[in-house]
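Q:
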């Protein structure tokens, strides 16, 4: 797909160069269209800048009280799924490389057995080819299943704390995984979502203030929290 996009852009540039060389930019009908498009874009920019200036949101909004109220309203949808603290030993074995896969599987099985009998972190530091996690004794961190490779999800979900898996093959190679512990599903705390709430409430307030200004309605100070809109905004903010 990227190659197609690059090819298309090059084709457009070539046609533009050809059109200019033939004087198309100087044709009255083309100049009229360019002028009309320029006016339209300019008007949009000026209008947008003006509206942004008249619906500026106070720097101290939302207050702590506003944030707490928004948190209580959004709380039913602020679910944190079950997450798993895992470590891994990774061996490269690209899909399609038969020799690398055979060698990788054999070595991964030996390392899994070694890790079960000894210190997983030491085995990972010495053997794992995932440099980042190897430096931490294989520690990958705490992740929900959705944040893991598809091949890993069923395996990790069935493991118990302290257990070391058999080698799991992915497109990149083999993973020997240790489940350190499991964090049950819960509701996100206020402090965890506070930055997202701030951004979502400011965005909502600005939209409401703009609508009020355009409709000539009440000032922004009378605006209330729209729960559905808040949920939608939160879902778009990372």
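Residue numbers (our numbering): 391 to 628.
Glycine included, every Cβ here is placed at the ideal spot set by N, Cα and C.
(1) Considering Cα atoms alone, identify which of 581, 601, 596 and 594 is closest to residue 465.
(2) Kindly indicate the opening and closing residues of the alpha helix (DSSP H) around residue 450.
(3) Beta carbon of residue 586, beta carbon of residue 452: below 8 Å?
(4) Please list the terminal residues of the continuous beta strand (DSSP E) segment that includes residue 534.
(5) What residue range does the beta strand (DSSP E) around residue 472 cover?
(6) In this structure, does DSSP put residue 553 in helix, strand or coil?
(7) State yes or no: is the C-beta of residue 546 within less than 8 Å of the C-beta of residue 569?
(8) Quick one: what's residue 479 bridged to in DSSP?
(9) Could you tell me the boundaries of the alpha helix (DSSP H) in which residue 495 lies?
(10) Can you tell me where the alpha helix (DSSP H) holding residue 585 begins and where it ends?
(11) Using CA coordinates, which residue listed in 515, 532 and 530 is at the minimum distance from residue 524?
A: Based on what the coordinates show:
(1) The residue labelled residue 465 in the question sits at position 75 within the chain shown. Answer by Cα proximity: 581.
(2) Numbered from 1 along the chain shown, position 60 holds the residue referred to as residue 450. No alpha helix (DSSP H) holds residue 450; DSSP gives it neither H nor E.
(3) Here residue 586 is taken as the residue at index 196 of the chain shown, counted from 1. Here residue 452 is taken as the residue at index 62 of the chain shown, counted from 1. Contact flag unset, no.
(4) As a working mapping, residue 534 is identified with position 144 in the chain shown. Element bounds for residue 534: 529-534.
(5) Mapped onto the chain shown, residue 472 falls at position 82. No beta strand (DSSP E) contains residue 472, which DSSP labels as neither H nor E.
(6) Position 163 of the chain shown, counting from 1, holds the residue named residue 553. If DSSP states are grouped into helix, strand and coil, residue 553 belongs with coil.
(7) For the purposes of this step, residue 546 is taken as the residue at position 156 of the chain shown. For the purposes of this step, residue 569 is taken as the residue at position 179 of the chain shown. Yes, the pair counts as a contact, with Cβ atoms nearer than the cut-off.
(8) Counting from 1 along the chain shown, the entry for residue 479 is found at position 89. Per DSSP, 566.
(9) Walking along the chain shown from the start, residue 495 turns up at place 105. Note, residue 495: alpha helix (DSSP H), 488-507.
(10) Translated into the one-based positions of the chain shown, residue 585 becomes position 195. Counting along the chain, the alpha helix (DSSP H) containing residue 585 begins and ends at 580-605.
(11) Taking the first residue of the chain shown as position 1, residue 524 is located at position 134. The residue with the shortest Cα to Cα distance from residue 524 is 515.
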